[in-house]
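Using UniProt numbering, the first residue of the sequence shown is number 1, and each one after it goes up by one.
Below: one structure, written as structure tokens.
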Amino acid sequence: MERRSEWVASLRSTLPQFSKRSAAPVERGHAAAVLGPAPRRTLDEAVSSHNTSSLLLPSKWREQATQQLITTLHGIVPPLQVQQTDYFLCSLIHPSYVQVSTMRCESESLRRRVQQELRRTVCMPLELTMTGSKSLRLLRELTHYVEQGAAAAAASARARATLPAAPVAGKSDARDTSCGPSSWSSYPLDASWPELKSADSTAFVQAFRRAGLESLVLYDKSFFAASSSSTDIHGTGSAEVSLAAFTALCGSIELVSGWSSLLQFVDRVACEQRGMERNTDGHE
């Protein structure tokens with residue numbers, strides 16, 4: 001956990017800095033990096049018309065996506081942070097979006113290299129997907145740990161209930177008792193994790209759709225339409241792309257606002273999913 005914190009801190013240190021007066025990026029010699037010294041191309045740089053090559057975004061997409069992200073992350077990430085950092089918007093751009101029709105490149109000989117650069121640095125950058133993936137996996141492991149603790153505590157309570165009352169015995173009996181099921185009662189349980197057990201990939205995709213973010217994800221729909229396994233049974237879009245965007249969004253939340261904000265976001269998703277399940281059971 002300590003090594004992971006150091007790794008996240010190193011990624012967070014590469015985020016663009018902003019001045020309080022203008023809320024504009026502060027020029028720095030060492031630009032934000034991907035996972036090393038290589039400079040990361042920001043979204044502003046990628047879409048700038050002053051460059052010899054640039055990425056073309058749909059009209060009003062940036063404004064609509066930013067507003068929807070602010071709404072979705074209300075109470076978790078301050079609106080100013082969403083507006084100042086391109087990570088949140090980059091989490092909604094899939095690498096498959098970058099193709100000939102979505103680019104302006106004056107030099108055909110450089111097109112392929114520029115495509116690769118944009119896919120690597122602007123479209124769901126590696127630091128977002130890796131951070132999000134590792135964090136969600138860690139949450140799952142912690143949730144399993146808590147569930148095991150709850151099961152052990154319940155088993156211990158049942159075992160104690162079935163034991164007949166007896167006078168206190170000698171040291172040997174006390175030693176044997178300490179090795180029995182009652183010793184599991186000390187298994188640590190954290191009350192701040194009540195709903196995370198219901199959070200899984202299906203819940204993440206559904207939450208992403210309920211938030212209205214799925215329609216704002218930029219990707220090559222024709223590519224994923226060719227694969228029936230990647231398209232949702234309701235025809236609402238690619239579950240694979242939505243899960244990738246959700247994972248990158250989680251990485252953005254942690255890198256920009258910290259682990260506690262990510263925990264709050266995932267717990268909210270899980271609580272909403274639990275509420276929907278209760279409503280469904282009630283109608284049945």
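For glycine and all other residues, C-beta sits at the position ideal for the given N, C-alpha and C.
Keep in mind that this is a model prediction, so the values were computed, not measured.
Here DSSP, grouped into helix, strand and coil, assigns L263 to helix. The three-state reading of DSSP puts I76 in coil, since its state is none of H, G, I, E or B.
In chain order, V47 place their CB closer than 7 Å to the CB of L57, counting only its own chain and leaving out the 5 sequence neighbours on each side. The residue among S53, I76, L80 with its C-alpha nearest the C-alpha of T66 is L80. Cβ neighbours of F88 within its own chain (closer than 6 Å, five residues either side excluded): L69, V82, S252.
Taking all protein chains in view, the Cβ of A270 is crowded by 16 or more other Cβ atoms within 10 Å, so the residue is classified as buried. When only Cα atoms are considered, V205 and S242 end up about 6 Å apart. In the displayed model, M124 falls within coil according to three-state DSSP, outside both helix and strand. For W259, same chain residues with a beta-carbon under 6 Å away, outside a window of 5 residues either side, do not exist. Among the bridge pairs identified by DSSP, I253 is matched with none. According to the DSSP assignment, S54 belongs to the beta strand (DSSP E) that extends over 53-55. Residues T72 of the same chain have their beta carbon placed closer than 6 Å to that of A211, with the five preceding and five following residues left out of the count.
Within the model, the alpha-carbon separation for A159 versus E141 is close to 27 Å. By DSSP's assignment, R62 forms no beta bridge with any residue.
For E45, the enclosing alpha helix (DSSP H) has its first and last residue at 43-47. According to the DSSP secondary-structure assignment, I70 is paired through a beta bridge with no residue.
In terms of Cβ geometry, L139 and A248 do not form a close pair [threshold 8 Å]. Excluding sequence positions up to five before and after F265, its CB lies within less than 6 Å of the CB of I76, I253, all in the same chain and listed in chain order.
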